[in-house]
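Notes for the one structure printed next.
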Amino acid sequence: MGILTSPPGSSLTLGGMEVAIRMDARQFRAMADRCHELLRVAVRDDLREQLRQWATDFEAEAETLDKTVDRSGIGKARALQD
10 MGILTSPPGS SLTLGGMEVA IRMDARQFRA MADRCHELLR VAVRDDLREQ LRQWATDFEA
70 EAETLDKTVD RSGIGKARAL QD
């Protein structure tokens with residue numbers, strides 16, 4: 010996966026270098042699904058709560074991106090390509 014420019018605040022620091030990251034709604038949903046999978050095997054309550062919170066956050070991000078894309082009309086163009 011390539012590195013794309015992204016809005017301020019969507020970056021990751023790796024080895025002292027700041028890397029811009031742009032994720033789409035599908036990727037956030039995949040991360041939420043993974044959290045739900047891990048919930049089935051997590052033993053500690055604190056880990057289960059963190060996974061629940063991450064899943065909720067990732068789903069909210071996906072919804073926000075969907076709404077942003079729909080308003081801009083980009084979603085329609087991408088849907089036609091898929």
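Everything in the sequence shown is counted per my numbering, starting at 10 for the first residue and increasing by one.
We put the CB at the ideal spot given by N, CA and C, even for glycine.
{"query": "Option in 34, 42, 77, 30 with minimal Cα separation from residue 63", "result": "42"}
{"query": "Chain-order list of residues whose beta-carbon lies under 6 Å from that of residue 34 (same chain, five-residue window excluded)", "result": "71, 74, 75"}
{"query": "Same chain only: Cβ atoms within 7 Å of residue 51, ignoring 5 sequence neighbours per side", "result": "57, 60"}
{"query": "Spatial neighbours of residue 48 in its chain, beta-carbon cut-off 8 Å, leaving aside the 5 residues before and after", "result": "57, 60, 61, 64"}
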